[in-house]
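Have a look at the structure below, then the notes.
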Amino acid sequence: MITIDHLTKRYGAQVAVSDVSFSCQPGTVTGFLGPNGAGKSTTLRSLVGLATPTSGTATIAGRRYADLPNAGRQVGVLLDAGAQHAGRTGREVLSLSAMVLGVGPERVDEVLGRVGLAGRPAGKRLGNYSLGMRQRLGLATALLGDPQVLVLDEPANGLDPEGIFWMRGLLRGFADRGGTVLLSSHLLHEIEAVADQLVVISGGRIVAQGSKDELLAGKGTLVRGPDRALLDRALQAAGIAVSPGPEDALLADADALAVGQAVAAAGVVLTELRPAGGEGLEGLFRSLTGHAGAGQQVEEVLA
Ligand SMILES: Nc1ncnc2c1ncn2[C@@H]1O[C@H](COP(=O)(O)OP(=O)(O)OP(=O)(O)O)[C@@H](O)[C@H]1O
Numbered sequence: 004m005i006t007i008d009h010l011t012k013r014y015g016a017q018v019a020v021s022d023v024s025f026s027c028q029p030g031t032v033t034g035f036l037g038p039n040g041a042g043k044s045t046t047l048r049s050l051v052g053l054a055t056p057t058s059g060t061a062t063i064a065g066r067r068y069a070d071l072p073n074a075g076r077q078v079g080v081l082l083d084a085g086a087q088h089a090g091r092t093g094r095e096v097l098s099l100s101a102m103v104l105g106v107g108p109e110r111v112d113e114v115l116g117r118v119g120l121a122g123r124p125a126g127k128r129l130g131n132y133s134l135g136m137r138q139r140l141g142l143a144t145a146l147l148g149d150p151q152v153l154v155l156d157e158p159a160n161g162l163d164p165e166g167i168f169w170m171r172g173l174l175r176g177f178a179d180r181g182g183t184v185l186l187s188s189h190l191l192h193e194i195e196a197v198a199d200q201l202v203v204i205s206g207g208r209i210v211a212q213g214s215k216d217e218l219l220a221g222k223g224t225l226v227r228g229p230d231r232a233l234l235d236r237a238l239q240a241a242g243i244a245v246s247p248g249p250e251d252a253l254l255a256d257a258d259a260l261a262v263g264q265a266v267a268a269a270g271v272v273l274t275e276l277r278p279a280g281g282e283g284l285e286g287l288f289r290s291l292t293g294h295a296g297a298g299q300q301v302e303e304v305l306a
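The numbering used here numbers the first residue of the sequence shown as 4 and each following residue consecutively.
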């Protein structure tokens, strides 16, 4: 289990993370989302001992990363897949890590196979690796010690659509076997597909957290009609609170039946009436952070 408790990290006058609290349970994938500079990396770096919290704590199984005995056997970390010596081969990188972790050399072949780098790719120097291959090697390193917890910063970076699909299966399988996964990503569709819990951070503060299903379900009813002002008045006259919805829609704070009855009684024409929340993760992200998500990236790659 991962526990972030009232974590604050300042760099001089810059507050990177402010009073952040959340936890990640075994058997779940938690997606950590936020716009550029929101504080995702700082939170993950604090969790794995690469940044010292100004206040608060970030622990794994109740201990700070630095206090975990043989941390690499308990926590697999992928923070910057590019941070490896370009002259070493993939196999050499893993063999060195295996020695440090005290795992047998057979485990190197096992994880190379698992991330799709077995055979010739394993013998190539990292300088000749694509970003996607480096990312796969980073995941192999994270998995090497057979940990129960994975902490991954942007693991889908540089992976092609097939690679993203593969990674999704790998993370899902890891969690389904009881593992704990915390991953940050800009790829909202990716997070939507793989995560069961979401934590959204913006400006260093948590702006939403909970199960993906709950957060995406939304509240109230989305209505649209040719005369927005008339629709607004009819709902308010029926005692239903109304707020602006996406584009020219209205968000009514009542269920679909009550909204339908109110507009029918007032004789107002509708062009759309449905439970709110169907805008998916991108809509949620935009409403919480004021930023457009990067969900389009996957479609662009696929196009
Ligand atoms: N070492 C540092 N020194 C000073 N400021 C820093 C440092 N690391 C991060 N920051 C600042 O803290 C804030 C949060 O940065 P962080 O890298 O955690 O965001 P992020 O959500 O990971 O962003 P991105 O999605 O762009 O990677 C930013 O304003 C950043 O400039």
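C-beta atoms are modelled at their ideal positions from N, C-alpha and C, and glycine is treated no differently.
Between the stretch 74–81 and the stretch 18–28 there are fewer than three inter-stretch CB-CB distances shorter than 8 Å, so the stretches are not counted as touching. Relative to ligand 1, the nearest heavy atom lies less than 7 Å away from the CB of S44.
Annotated as distal: L115 and R128, with beta-carbon spacing of 8 Å or more. Taking a C-beta distance under 8 Å as the contact criterion, L134 and G166 do not qualify as a contact pair. Membership of G37 in any beta strand (DSSP E) is not indicated, and neither H nor E is assigned to it by DSSP. The beta carbon of D199 sits closer than 7 Å to those of T31, V32, S214 and K215, all from its chain and outside the five residues before and after it, given in chain order. Per DSSP, the beta-bridge partners of T224 are A255 and P278. For R227, the CB contacts under 6 Å within the same chain, skipping 5 residues up- and downstream, are A252, T274 and E275 in chain order.
Residue burial annotation: G286 is buried, with at least 16 other C-beta atoms found within 10 angstroms of its C-beta. For I204, DSSP records a beta bridge to I209.
Secondary structure at A16: coil, using DSSP grouped into helix, strand and coil. At a threshold of 7 Å, N160 does not count as near ligand 1, since its beta carbon sits no closer than that to any of the ligand's heavy atoms. Distances between the C-beta of Q17 and the heavy atoms of ligand 1 include at least one below 7 Å. By the neighbour-count criterion, in which 16 or more other beta carbons inside 10 Å mark a residue as buried, Q28 falls on the exposed side.
Collapsing the DSSP output to three states places H88 in coil. CA-to-CA, the gap between A269 and L191 works out to about 40 Å. T6 carries a strand assignment under DSSP once its states are collapsed to helix, strand and coil. Under DSSP, no beta-bridge partner is assigned to D235. A direct Cα-to-Cα measurement between Q151 and R289 gives close to 33 Å.
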